[in-house]
Each structure stands twice: as C-alpha cells, then as structure tokens.
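**Q** Just so we're aligned, residue 2 is where the sequence shown starts under the working numbering, counting upward by one.
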Amino acid sequence: MLAGAFTPADSHSLMTQAKDSYFIGVDTGGTYTDAAVIAARDHKVIASAKAITTKGDFAIGVAEAISKAVASLPQGLKPQHISLVSVSTTLATNAVVEGHGSAVGVILAGFDTRMAERTGIAKAFPDMPVEIIAGGHDHNGDERVALDIAGLDTALSRIGNKCDAFAVAATFAVRNPEHEHQIREIITNRTGKPVTLSTELSSSLDAPRRALTAALNARLISHISLLIEAVGRVMTGLKIVCPLMIVKGDGTLALADTVAKRPIETILSGPAASLVGARWLSGRKDFVMSDMGGTTTDLGVLKDGRPRVSDEGAEVGGWRTMVKAIDVRTIGLGGDSEIHFEANGALSVGPQRIVPVSLIAERFPEVLAMLDSDIADNQGGSMHGRFVVHPFGATGTVTGAELSAREREILALITDRPQPIRKVAVSSGAQRALGALQRKGLVQVCGFTPSDAAHVLDLQANWSKPAAEKAAQLLVRFREMKMPSPERVKAFCEEVWSDVVRLTGRVILDTSLGQKTGGDALLDAVCSGRGAIGLTRILLTPTVPVVAVGGPVKIYYGEVGRRLGAEIVFPEFCDVANAVGAATGVVSRSVVITIEGDGNGLFRLHGPEGTQSLGSGAAALAAGEDLARKAALAAVVKMGAGRAEVKISIAKSYLPDAVDDNGLLKADITAEAIGRPDTRS
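1) Taking the alpha carbon of F126 as the reference point, which residue from L239, A212, G611, D58 has its own alpha carbon closest?
2) Identify, in the order they occur along the chain, each residue of the same chain with its Cβ nearer than 6 angstroms to the Cβ of R330, setting aside the five sequence neighbours on each side.
3) Nearest by alpha-carbon distance to I670: which of D627, V637, G430 is it?
4) Is it a yes or a no for the region 562-575 touching the region 279-291, going by three-plus beta-carbon pairs under 8 angstroms?
5) Which partner residues does C447 have in the DSSP bridge list?
6) Who are the Cβ neighbours of S89 in its own chain at under 6 angstroms, not counting the five residues just before and after it?
7) Contact check, I509 vs V561 under 8 angstroms by CB: the rounded distance?
8) Note down, in chain order, each residue of its chain lying with its Cβ closer than 8 angstroms to the Cβ of G57, except the 5 sequence neighbours on either side.
9) P451: which of T505, Q420, P487, Q516 sits nearest, CA to CA?
10) Where does K631 sit, in a helix, a strand or coil, going by DSSP?
11) Between F388, S650, R677, H456, which lies nearest to G336 when the distance is taken from Cα to Cα?
12) What number of angstroms, rounded off, separates the C-alpha of A255 from the C-alpha of A636?
13) When the distance is taken between beta carbons, is A231 closer than 8 angstroms to A170?
14) Can you give the Cα-Cα distance for S22 and I268, rounded to whole angstroms?
15) What is the rounded straight-line gap between the Cα of L369 and the Cα of G448?
16) Does the distance from the CB of P178 to the CB of T200 come in under 8 angstroms?
17) In whole angstroms, what separates the C-alpha of A619 from that of A674?
18) Just checking, does the region 71-82 make contact with the region 127-135 on the three C-beta pairs under 8 angstroms criterion?
19) Given 8 angstroms as the limit, is there contact between the region 289-296 and the region 107-121, that is, 3 or more CB pairs closer than that?
20) Report the three-state DSSP secondary structure of D662 (helix, strand or coil).
21) So the beta strand (DSSP E) K304 belongs to, where does it begin and stop?
22) Which word fits Q81, buried or exposed, when buried means at least 16 other C-beta atoms lie within 10 angstroms of its C-beta?
23) Let me see if you follow: with CB-CB separation under 8 angstroms, is V302 close to chain C or not?
24) Just the C-alpha distance for A284 and D453, rounded to the nearest angstrom, thanks.
25) Counting C-beta neighbours from all protein chains within 10 Å, is the total for G401 16 or more, i.e. buried, or is it exposed?
26) Roughly how many whole angstroms lie between the Cα atoms of I134 and K648?
27) For M290, does the three-state DSSP call read helix, strand or coil?
28) Closest to I355 by C-alpha separation, out of R309, Q380, T297, A344, would be which residue?
29) Buried or exposed for K471, please, with buried defined as at least 16 other CB atoms from any protein chain shown within 10 angstroms of its CB.
30) DSSP on A90, reduced to helix/strand/coil?
31) Is the beta carbon of G608 less than 8 angstroms from the beta carbon of G643?
Spelled out as structure tokens, the structure:
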C-alpha cells in the first residue's frame, strides 16, 4: 500500500529544523564519484570534491571523494561534525540493464499458467525457477483458496539450494497480504535467505507486474548491499558516526538498511538526485533539467517546484517495473561517449561509454608511447588508439560459468595496466569476446571521446592533452586514409564538439515538447546551428530556462543556449549537483487506503494489514483516514525520518442517488508523510 512521493520543494523549509548540522552527499557516477558537504543552517555548499569511480571496488572512489571533501572543510570542522551521509547511485539501474544479479527463486500463490506467463519472468530470465502453489485471495480480501504449505515445502526442496534470494507474489495480496507474509516466514525459517514480497513494493492489483518487480528486486539485493558496505567502511575509517541514507528513484531518501531490502527503488536514483540538486542550487521552480555526465545525459522537467513522476512505473532495460520514479528522458550521450565512424565515414557519438584516452594516459603515462607506436604503424586500422584494462579498483581476474571459453581466454590476458586492443584481440572472434566482457563490466575499453576533443580544443584541462591529440590524429588518419595536418585534427575535434552540442539541443527540445520527434528537419536545422532552411529562418526555444548540471556542461551548453535561444542556468556547484541532491532530499512516503461500498450499507476498508468491514460510510472514512495517517508516519520513521508532516487527500465516488457518505461507492485516501532524516546518531 506504499508508494513514493517526490517533494524537493519541501527540502529548504525542512532543513531549517536541522541547525548546526552538516550533511555529506555522495554520487557514484560512471566516471566520477562526487561528494558535497552542505551546511543545513546556512543552506550552502561548503565543500565539494571529485574522485574517479572505481567500479572494481566502489569503496576506493567513495573514500577518496569523501576524504577530499572533508579535508577542504572550513577550519574547525571535523568529520565528527557530519550528521548525515546520503548516497545516490546508478548501480541498480545498470545491473537491471546489463542483466546482472543474484540467483532468485520465485514463488507465485494463486497464479494460473497464463498469469505466470504474463509476468515476463521466464522470458527475461530463462534460468530463473518459478514455482506456482495454491493460495491467494479475492478482490474483497477474502481467502479464495487455502495456502498450500505442503506444495511450498516441496518447491523449496527443489530450488532452495539453487537460490540466493526469493521473490513472492500472491493474487490480490494488496487487498490481503496474509499469504505473502506466511510464505516469507516459511522460506526464512527453512533457508535463512532474503525474501522480497510484491506488496512491499507496490499497491497495484496487477499481480503479474508485481511479481516481476519483486523478482528484479530480489536479484539486486546483493549489489546494493556491496555499495552500502563500502560506504559504511569509509565512514568508519573517517570516524563519521551518523545515519547513512540512499536516494530512491523518486528523489526521496531512505535509510540504507531499509533500501538494502528494496534496492529496486533506487532505479533512476542518480537522475532523481540531479533534479533535487538542480532545484536546490538554482532556486528555480520551473525549468528543464539537463544533467550531462560521463555516460548519459538525463533530462527532467520541474513545474511549480515538482517534477513529472511516471505513474506507470519506471521502465529500465525494457522492463516496466511498478516502482515510482521521476519521468526522466535518458540518452547515451556524455563526456565519455565513444567516437566512431559509420560505414560512409559520418561521425557518430555514443551511445557506448569508454574511458577517455586522455584519462587513461594521465593515470598510466606509458600510454603515450603506445600511441606513438600506433602512429608509427602507417598501415592504420580501427583498433589504433584503443586500449583495454581492468575496471579501476578491481582486484584480480574474475571468471565464472557464465563466461565462454573464448571470453575466459581473453580475460586472462587483461591486467590492471592498459594494453593495446590490437595486441589482445587479434581476430574477429577475440574482438567479439572482448565486447562481451565489456558489456558484462569485467573490462574497460579506452579510446577517443568528446572529453578528449575538449582537451585538444583547450576547453578541458584535467587530463593528458598530448594523448588526446595523438588519438585524434589516429582517428582522422583512419577516416581520411592519410596523416592529417594539425588544422585537420583541430577541425575534427571541433566537429565532435559541435555534434555533441547538436545532440544535446535535440534532446532538450524533445523534452520541452514532451515527445520524441525523430529526424525532424526543422529541429535539426536549429540544433545544428544553421538556423534556416532555404529562405526561412527557424527558431525553436524552450519557454522555461534550462538548468544545466554535471561535470561537462560548461563545455557545451553555452553554445546549446545560443543555438536554441534558450536561457541556460549554471548554478554554483553545478558539477556536483547529484551529490547536493543526495544531501538535501527529504524522506517521504505515501499510503493509500481504499474503501469500497456494496450499495447495501456495508463498507470494506482495504489497508496494509488486510480488510475490515464497517457499517457506515462516515465511520469507514474516519477509520481510513486515521489508518492512512498512522501508516504513513510509521513508514517514514522506519525509513529514517525525524519529525514529519502528513498531508491527507481523499478522492470519492458515490452512487447516483447518494445524499451522504452512506452512498459512498469508492474512496481512495492518500496520506503523504514528509520529513527530514533523523540525524541523531
């Protein structure tokens, strides 16, 4: 019966209750891990820092970012003064998209074969065992069939040892969750393994989709637990003693221990934190948020201080979950997008992310000599200027049954120092195996990106410019089949920069229009900077400002604003907006209580603990409001809120001849509780 609510507008007012408090927000992105320290009383960012994300061991990058931020605190402030650490992460989103996760067993109570097929679990995860047992309730919350305990015992005997976690869904469990709770108790007693109940994630009657959401959640528990443990180790090492919160996909916060059991709620956590941070930093209530990172550009719309939230649930990796999340548009466009050429020589940016060659050369100076060797090889080739290395922070080679023999063979050649791809993957089969390892996150490919072009153009200067210039020479040589002049190298990098601007403008206009427009010639004329077709001048401009956040935005968005005629807002600390959003979010939870009248004076109240019957509409509404208020407050306290406020809204429908609440046909009572995290340790 619980559904998230995103309320960034409440953050400023609620933070005034936390005087003399300092919060750390952390965001683990594809390239950087950001940290920001917020002074609650002054509503200011007082320190910020960045570190390279270490996907092999998140704790390394998190520790470096937090340590740098703490080291830059104003005189007199120490880690012991921190009263909250909050983290936003793309870990769950990436795991769902890439198909990673624990071995999960699914128990469906009261499902028939067609309902089980509608879950999509068998198609999404062909090896995931799904067991159907008798049980479930009807739409009134009454037991339809007794729960088949013996059938459950038999199912656990078959699959218990093969699974690391379990997902449970029962028919009409949102009207009466008794059977789901019974199943969890039995599984826990028999196996001691974590169990996800569908009713803890959604209040929807759609049992098949609830089952899929529960299965996805169960697969993610171990992943999010690793991140939580990593941050916890960092806090212990720095002697930071305070609550640890995680940003959910709707932008609100929850205690890490709570999120560890519901990791699917962190899907789209990063973009949600960006929107909260953009609101907090800019002070604006109406804008398009565009967050450009290393891997993606995420866009959302804030209207009257609130974002659009997807009522249908977040869609990730082709699967529509039942998790409330912001309505965000994401494209594979970032500072680290791979630059490559189409068959006709046309430039293509992304969507694959790779490590910029300037970054890898900064960390490993021997890359410069490897680039010189590639330049000396005048035969050219598409593999020149490309390298492969273990994920930063990885310790040792990872192998598994899910790897093919060729993949294991190639993986054994990869080390923690970069090597030319052309020497590691010398055949088309080896290159396919390397691509599979890259998709599975076991290796990092390095090559030319927009960040490298920005280094050549002196728009960026944090990594190795010589490496970027050499890699650009190799790409232009491959494209033109001859060694380019310095002018041609510069022109190529300007082409890369301009195309990133064009693609950014397109997605901003798509977001402003509220729809994806495809290959519209008018939009392309505007975003490419031509501004005209034939004798017609064209201008398309968002009616609200664009708040630009993320590390690379100042490199591109000034020109984006010029081409679109749009107001571009670069808030102070825009490069760490995700981390700021993580630190300034609120704890929020909505509880929905449904009342149904039968037309003969009986009113059924469906709540989190089951169904009860009352004899009058007024009594049912009063009981429902009281239950919703108490349940919402209990939920936010469990999630880590201190003092909370509750807002009640009621939607009613009546019989045609009704004169009072005794003619009530249906009512949905929504209680939304909002509070700041309880920072008492």
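Just so it is clear, CB atoms sit at the ideal spot from N, CA and C, and this is done for glycine as well.
**A** Short version:
1) For F126, the nearest C-alpha among the options comes from A212.
2) Excluding positions up to five away in sequence, the list reads L300, T512.
3) Of the candidates D627, V637, G430, the one whose C-alpha sits nearest the C-alpha of I670 is D627.
4) They touch, by the three-pair rule.
5) Beta-bridge pairing links C447 to V356, F388.
6) If we look at S89 and ignore the five residues flanking it on each side, its Cβ neighbours are D28, V248, S270, G271, A274, N579, A583.
7) Rounded, the Cβ-Cβ distance is 7 angstroms, consistent with contact.
8) Residues H391, P392, F393, G394, A395, T396 of the same chain have their beta carbon placed closer than 8 angstroms to that of G57, with the five preceding and five following residues left out of the count.
9) Among T505, Q420, P487, Q516, the Cα nearest to that of P451 is on T505.
10) Helix, per DSSP.
11) Measuring C-alpha to C-alpha distances from G336 to each of F388, S650, R677, H456 identifies H456 as the nearest.
12) Computed Cα separation, rounded: 10 angstroms.
13) Cβ distance not < 8 angstroms, so A170 and A231 don't count as in contact.
14) Their Cα atoms are separated by approximately 28 angstroms.
15) Rounded to the nearest whole angstrom, the CA to CA distance from L369 to G448 is 13 angstroms.
16) Taking a C-beta distance under 8 angstroms as the contact criterion, P178 and T200 qualify as a contact pair.
17) Going by the C-alpha atoms only, they are around 23 angstroms apart.
18) Touching, no.
19) Not touching, per the Cβ criterion.
20) Here D662 sits in helix by DSSP.
21) DSSP places K304 in the uninterrupted beta strand (DSSP E) bounded by 298-304.
22) The residue is exposed, with fewer than 16 neighbouring Cβ atoms inside 10 Å.
23) The structure shown has no chain C; it contains just one protein chain.
24) A quick correction: the sequence has Gly, not Ala, at residue 284. Distance between the alpha carbons of G284 and D453: 33 angstroms.
25) Unreliable placement is indicated for G401, whose pLDDT of 44 sits below 50; no coordinate value is reported for it.
26) When rounded, the distance between both Cα atoms is 40 angstroms.
27) Here DSSP, grouped into helix, strand and coil, assigns M290 to strand.
28) It is T297 whose Cα lies nearest to the Cα of I355.
29) Buried is the call here.
30) Reading the sequence as shown, one finds Thr at residue 90 and not Ala. Strand.
31) Cβ atoms of G608 and G643: not closer than 8 angstroms.
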